[in-house]
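Below: one structure, written as structure tokens.
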Amino acid sequence: MFHVRPESGEPIYRQLTRQIKHAITTGALKSGDKLPTVRQLAVDLVINPNTVARAYRELEHMGLLESGPRRGTFVKFSPPGMLLEERRRRLQPHIDGLIAEATVLGFTVDELVALLRKAARSKEK
Amino acid sequence: MDEPSASKTVVEAANLTKYFGTVCAVDHVNWDVDDGTIVGLLGPNGAGKTTLLKILLGIAHPTSGAATVLGLDAERFSVLIREAVGFVPEDKLLYDRMRVDAFLRFYGAFFSSWDARFAEDLLARWSIPSFKTIGQLSKGMRAKLMLAVVLARQPHLLLMDEPTLDLDPASVDEIFSVFVQWVSDGKRAIVLATHRLDEVERICDHVTIMDRGGIVAHGDLDDMRANWKTFKVVGDLPHDEIRQWKEIRRIDAKGKATSIVSDADPLKMTRRLAAFSPTTVEVLDMNLRNIYLAAIGYKRGRLDGVLESMV
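Here the protein sequences line up with chains A and B, keeping their order.
Here the first sequence is numbered in my numbering, starting from 2 and rising by one per residue.
Here the second sequence is numbered in my numbering, starting from 3 and rising by one per residue.
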């Protein structure tokens, strides 16, 4: 179900979190679905168990997964929270790019925010 | 519990130095390995990887400094350490005329921790016929057999020197899934000395890169991937000043284009470079191969050639 490309330069745990999030957003994984154990997924994908554990941990922090001792790891479906997270994720590369570009061109954060406000206001009109 | 918890240190090297005559094979190495981890030990031939492993086993003695393995001093407790640690050497010595099943009994008799069932299970899983003599086995099967007997000793720590040298890709996958299972309870660790960066990138969570006896890079692989970046800058830069920054690992300039590799805090680096008002700054991810080349290239000052392969 999941696959990793170790040579890509993107940390493997991030490839995993991305794919699990994608599976949840597209409905391939539903609330209450049980995920493979850390050990099982590590063996299946032949990757380090700590990497899997880190991916699960991050997704728990985001509120997408829930795990308890002996029960395993489950998908925790909370639409508003998930949608916000997903929306943020999609916006993030654009924000990063904008910040990088603004930094190179010598704008401060305040100036950038002011420009964004101004642009948004002129769009509203 | 499901989640591995790495915390206990199983290997500790402090200022470890080894001279062979006037040649410094291991140069002031400080190094830790934690339980529950798989560490990839990388470096060009002659970088000191094998010597380091031999010192840990008490086979080679350090000129200065000290190492402990499972809390035991490597020099004084070599016998105990060799019993608790599984070492798979690069050259695998076996008894050609012995049958596989006889070899298992013979080998197992030396170790109190021997798990005969585990050994048989592995042989079955890896399709190694127990009725054949070792001489009749292919190179790959011999390598797997050696690995199986070392694993069946249930060692706390596995030290391996090029374990996949004679193995085909399918066999590599088979033994790696055993390794992954092996460390997943968080109570065992593996050190893998190898040239196969793709394998390290797949199953290791920590990486140590050695060059000319010293450690030139070490850390959590995911953290390394997050921190090591290549900056492609177009514009005028004060190269001599930038070279002094401690995060800089490489800097190569061609006309107005500069390629910079740094190993920490990419956002801060972007800001510092942007302060010179260049035309463009591009930040590129690095895979382990790029990190490796930058780490060993930097120390040797071999700036050309390597850069070409990084682009």
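C-beta atoms are modelled at their ideal positions from N, C-alpha and C, and glycine is treated no differently.
Cutoff 6 Å; reference Lys35 of chain A; Cβ partners in own chain excluding five residues on either side: If you number the first sequence from 1, residue 35 of chain A lands on position 34. So the list reads Gly73 and Phe75, once near-sequence residues are dropped.
Three-way DSSP call (helix, strand, coil) for Thr44 of chain B in this model: Residue mapping note: residue 44 of chain B aligns to position 42 of the second sequence, counting from 1. Reading off the sequence shown, one finds Leu at residue 44 of chain B, where the question assumed Thr. Here Leu44 of chain B sits in strand by DSSP.
Short-range partners of chain B found in the region 89-105 of chain A, where Cβ spacing is below 7 Å: Flagged, chain order: Ala101, Thr104 and Val105.
Partner residues on chain A for Gly38 of chain B, Cβ-Cβ distance less than 9 Å: On the second sequence, position 36 is the one that residue 38 of chain B refers to. Near Gly38 of chain B (Cβ distances below 9 Å), the residues of chain A are Pro50 and Asn51.
Val110 of chain A classed as buried or exposed, judged by whether at least 16 other C-beta atoms fall within 10 angstroms: In the first sequence, the residue the question calls residue 110 of chain A occupies position 109. Burial is judged here by how many other beta carbons sit within 10 angstroms of a residue's own beta carbon; Val110 of chain A has fewer than 16 and is exposed.
Residues, ordered as in the chain, of the region 194-206 of chain B that lie near chain A by beta-carbon distance below 7 Å: Sequence-ordered contacts of the region 194-206 of chain B with chain A read Asp200, Glu203, Arg204, Ile205 and Cys206 [C-beta pairs closer than 7 Å].
Within chain E, partners of Asn289 of chain B - CB distance below 8 Å: Note that chain E does not occur in the displayed structure, where the protein chains are A and B.
CB contact check: Thr260 of chain B to chain A, cutoff 8 Å: What you label residue 260 of chain B is simply residue 258 of the second sequence in a count that begins at 1. Using beta-carbon distances, Thr260 of chain B does not count as an interface residue toward chain A, since no partner is under 8 Å.
Lys234 of chain B, enclosing beta strand (DSSP E) - first and last residue: The count along the second sequence starts at 1 and reaches residue 234 of chain B at position 232. Where Lys234 of chain B is concerned, the enclosing beta strand (DSSP E) starts and stops at Lys231 to Val236.
Element boundaries [beta strand (DSSP E), containing Lys146 of chain B]: Position 144 of the second sequence, counted from the start, is the residue given in the question as residue 146 of chain B. Counting along the chain, Lys146 of chain B falls outside any beta strand (DSSP E), though it belongs to the alpha helix (DSSP H) covering Lys141 to Ala154.
For Arg190 of chain B and Trp184 of chain B, the rounded distance between their alpha carbons: Indexing the second sequence from 1 puts residue 184 of chain B at position 182. Indexing the second sequence from 1 puts residue 190 of chain B at position 188. Using only the alpha carbons, I get a separation of about 7 Å.
Expected contact under 8 Å - CB spacing of Val90 of chain B and Val182 of chain B to nearest Å: Taking the second sequence and counting its residues from 1, one reaches residue 90 of chain B at position 88. Taking the second sequence and counting its residues from 1, one reaches residue 182 of chain B at position 180. Not confirmed; about 16 Å, so no contact.
Boundaries (first-last residue) of the beta strand (DSSP E) holding Phe127 of chain A: No answer is possible for residue 127 of chain A: the residues shown for chain A start at 2 and end at 126.
Ala47 of chain A at chain B interface by Cβ criterion, 8 Å: Here residue 47 of chain A corresponds to residue number 46 of the first sequence, with the count starting at 1. One detail in the question is off: residue 47 of chain A reads as Val in this sequence, not Ala. It does: the Cβ of Val47 of chain A has a partner Cβ on chain B nearer than 8 Å.
Under 9 Å by beta carbon: chain B residues contacting Gly64 of chain A: By one-based count along the first sequence, residue 64 of chain A stands at place 63. Those do not exist, as Gly64 of chain A stays about 18 Å from chain B at its closest Cβ, beyond 9 Å.
N- and C-terminal bounds of the beta strand (DSSP E) containing Asp163 of chain B: Counting from one through the second sequence, the residue named residue 163 of chain B turns up at place 161. In the DSSP assignment, Asp163 of chain B falls within the beta strand (DSSP E) that extends over Leu159 to Asp163.
Range of the contiguous beta strand (DSSP E) that encloses Glu284 of chain B: Position 282 of the second sequence, counted from the first residue, corresponds to residue 284 of chain B. Start and end: Thr282 to Asp287.
Contact between the region 193-203 of chain B and the region 37-57 of chain B (3+ Cβ pairs under 8 Å): At 8 Å Cβ cutoff, the stretches touch.
CA nearest to the CA of Thr18 of chain A, picked from A:Pro7, A:Val53 and A:Arg40: Mapped onto the first sequence, residue 18 of chain A falls at position 17. When the alpha-carbon of Thr18 of chain A is set against those of A:Pro7, A:Val53 and A:Arg40, the nearest one is in A:Val53.
The region 220-232 of chain B: positions lying closer than 7 Å to chain A by Cβ: Listed by position, the residues of the region 220-232 of chain B near chain A (Cβ gap below 7 Å) are Asp224, Arg227 and Ala228.
Below-8 Å beta-carbon distance, Phe178 of chain B vs any chain A residue: By one-based count along the second sequence, residue 178 of chain B stands at place 176. At least one beta carbon of chain A lies nearer than 8 Å to the beta carbon of Phe178 of chain B.
CB contact check: Val76 of chain A to chain B, cutoff 8 Å: On the first sequence, residue 76 of chain A is found 75 positions in, with the first residue counted as 1. Against chain B, the CB of Val76 of chain A has no partner CB under 8 Å away; the residue lies outside that interface.
Under 8 Å (Cβ pairs) to chain A, residues found in the region 161-176 of chain B: Within the region 161-176 of chain B, the qualifying residues are Asp175.
Start-to-end residues for the alpha helix (DSSP H) that takes in Arg127 of chain B: If you number the second sequence from 1, residue 127 of chain B lands on position 125. Residue range Ala118 to Arg127 is occupied by the alpha helix (DSSP H) that includes Arg127 of chain B.
Cβ contact check for the region 46-59 of chain B and the region 17-28 of chain B: 3 or more pairs under 8 Å: Contact holds: three or more Cβ-Cβ distances are below 8 Å.
Nearest-angstrom Cα separation, counted from Ser32 of chain A out to Ser264 of chain B: Here the question's residue 264 of chain B lines up with position 262 in the second sequence. Here the question's residue 32 of chain A lines up with position 31 in the first sequence. Those two C-alpha atoms are separated by around 42 Å.
Cutoff 6 Å; reference Gln20 of chain A; Cβ partners in own chain excluding five residues on either side: Residue 20 of chain A sits at position 19 when you count from the first residue of the first sequence. If we look at Gln20 of chain A and ignore the five residues flanking it on each side, its Cβ neighbours are Phe3.
Beta-carbon proximity of Phe105 of chain B to Glu85 of chain B, cut-off 8 Å: Position 103 of the second sequence holds residue 105 of chain B. Position 83 of the second sequence holds residue 85 of chain B. No, they are not a contact pair.
Alpha-carbon spacing of Glu77 of chain B relative to Ile293 of chain B, whole angstroms: For the purposes of this step, residue 77 of chain B is identified with residue 75 of the second sequence, where counting begins at 1. For the purposes of this step, residue 293 of chain B is identified with residue 291 of the second sequence, where counting begins at 1. Straight-line Cα distance between these residues: approximately 34 Å.
Ala276 of chain B: contacting residues in chain A (beta-carbon distance under 8 Å): For the purposes of this step, residue 276 of chain B is taken as the residue at position 274 of the second sequence. Simply Thr104, Val105 and Gly107.
Outcome for Glu203 of chain B when other beta-carbon atoms lying within 10 angstroms are tallied against a minimum of 16: Mapped onto the second sequence, residue 203 of chain B falls at position 201. Under this definition Glu203 of chain B is a buried residue.
For Leu169 of chain B and Gly142 of chain B, believed in contact at Cβ under 8 Å, the rounded distance: Taking the first residue of the second sequence as position 1, residue 142 of chain B is located at position 140. Taking the first residue of the second sequence as position 1, residue 169 of chain B is located at position 167. Indeed, because the Cβ distance is near 5 Å, the residues count as touching under 8 Å.
Straight-line Cα distance separating Arg122 of chain A from Val209 of chain B: Counted from its first residue, the second sequence places residue 209 of chain B at position 207. Counted from its first residue, the first sequence places residue 122 of chain A at position 121. Cα-Cα distance, rounded: 50 Å.
Any 3 or more C-beta pairs closer than 8 Å across the region 59-76 of chain B and the region 12-22 of chain B: Using a C-beta cut-off of 8 Å, the region 59-76 of chain B makes contact with the region 12-22 of chain B, since at least three inter-stretch Cβ pairs fall below that distance.
Members of the region 235-266 of chain B that neighbour chain A once the beta carbon cut-off is set at 7 Å: With the criterion set as a beta carbon lying under 7 Å from some beta carbon of chain A, the region 235-266 of chain B has no members that meet it.
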